[in-house]
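Participant: Quick one: the structure is below, and I'll ask about it shortly.
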Amino acid sequence: MLLFKRKDKKLTKQNSRSDSVDRNSGNQSKPILSVPLKTAVTNSKCYDGIPVPALVRNCIDYVEENGLDVEGIYRVSAFISRLDELERQANSGGIITFADPHDAAGLLKRFLRQLPDHILQFSPFVPSKFENVAESIHIF
Numbered sequence: 000m001l002l003f004k005r006k007d008k009k010l011t012k013q014n015s016r017s018d019s020v021d022r023n024s025g026n027q028s029k030p031i032l033s034v035p036l037k038t039a040v041t042n043s044k045c046y047d048g049i050p051v052p053a054l055v056r057n058c059i060d061y062v063e064e065n066g067l068d069v070e071g072i073y074r075v076s077a078f079i080s081r082l083d084e085l086e087r088q089a090n091s092g093g094i095i096t097f098a099d100p101h102d103a104a105g106l107l108k109r110f111l112r113q114l115p116d117h118i119l120q121f122s123p124f125v126p127s128k129f130e131n132v133a134e135s136i137h138i139f
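Written out as structure tokens, the structure is:
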């Protein structure tokens, strides 16, 4: 006869990990990934006034500084678990530190892939989404 119910260690670890992420992020989190471009720009303003999210600028800067000599920088993917952690950090407003140029390139690709609206247009006469967002938040 069992007096105590056994706990599943995997479930306990997952629940405690997700609780700690939720407690750290609180209500102050402003998501950057998986939101419209205008929201991402508003939630994460770039430090030099360019109308792109700071996350995008940080990824590009890191790749330019550390990844231009790396073979297949945008072709070779980073580890999914690492990208998931970087995404959680970005959406919770945490400081993002890249360990590898593939992390930065992978997070940039994930940001672009998860945008609800396409930013690349097929017609050369249609202004890009970046230009529309810049005009709508009156940066220029």
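Number 139 marks the last residue of the sequence shown (numbering that gives the first Met the number 0); no jumps. Don't be surprised by glycine CBs; every beta carbon is placed ideally from N, CA and C.
1) Candidates 44, 38, 62: which alpha carbon is nearest residue 96's?
2) Buried or exposed: which applies to residue 76, given that a residue is buried once 16 or more other Cβ atoms fall within 10 Å of its Cβ?
3) Which runs of the alpha helix (DSSP H) at least 4 residues long sit entirely within the region 49-116? Give them in chain order.
4) Assuming residue 82 contacts residue 106 under a Cβ cut-off of 8 Å, what Cβ separation, rounded to an integer in Å, is found between them?
5) Keeping to the same chain, check which residues put their C-beta closer than 6 Å to that of residue 58; ignore five residues upstream and five downstream.
6) Beta-carbon within less than 6 Å of residue 33's beta-carbon, same chain only, minus the 5 sequence neighbours each way: which residues are those?
7) Tell me whether residue 37 sits in a helix, a strand or coil according to DSSP, three-state version.
8) What are the partner residues of residue 44, as DSSP defines its beta bridges?
9) Relative to the alpha-carbon of residue 109, which residue among 42, 78, 47, 65 has its alpha-carbon at the smallest distance?
10) Count the other C-beta atoms from every protein chain shown that fall within 10 angstroms of the C-beta of residue 117, then say buried if there are 16 or more, exposed otherwise.
11) To the nearest angstrom, how far is it from the Cα of residue 73 to the Cα of residue 67?
12) Just to confirm, is the Cβ distance from residue 39 to residue 52 under 8 Å?
13) Hey, how far is the Cα of residue 42 from the Cα of residue 136?
Facilitator: Let me spell this out:
1) The residue labelled residue 96 in the question sits at position 97 within the sequence shown. The shortest Cα separation from residue 96 among 44, 38, 62 belongs to 62.
2) Locating residue 76 in the sequence shown gives position 77, where the first residue counts as 1. So residue 76 counts as exposed.
3) 53-65, 79-90, 100-112
4) Residue 82 sits at position 83 when you count from the first residue of the sequence shown. Residue 106 sits at position 107 when you count from the first residue of the sequence shown. Indeed, because the Cβ distance is near 6 Å, the residues count as touching under 8 Å.
5) Locating residue 58 in the sequence shown gives position 59, counting from the first residue. For residue 58, where only same-chain residues beyond five positions count, the Cβ hits under 6 Å are 103, 106, 107.
6) Here residue 33 refers to the residue found at position 34 when the sequence shown is read from its first residue. If we look at residue 33 and ignore the five residues flanking it on each side, its Cβ neighbours are 113.
7) Reading the sequence shown from its first residue, position 38 is the one you call residue 37. Note: residue 37 maps to helix in three-state DSSP.
8) Here residue 44 refers to the residue found at position 45 when the sequence shown is read from its first residue. 52.
9) Within the sequence shown, the letter at position 110 stands for residue 109. For the residues 42, 78, 47, 65, the minimum Cα distance to residue 109 belongs to 78.
10) Numbered from its first residue, the sequence shown carries residue 117 at position 118. That one is exposed.
11) Translated into the one-based positions of the sequence shown, residue 73 becomes position 74. Translated into the one-based positions of the sequence shown, residue 67 becomes position 68. Roughly 10 Å between the two C-alpha positions.
12) Here residue 39 corresponds to residue number 40 of the sequence shown, with the count starting at 1. Here residue 52 corresponds to residue number 53 of the sequence shown, with the count starting at 1. The answer is yes: Cβ separation under 8 Å.
13) Mapped onto the sequence shown, residue 42 falls at position 43. Mapped onto the sequence shown, residue 136 falls at position 137. Taking the straight line joining both Cα atoms gives about 12 Å.
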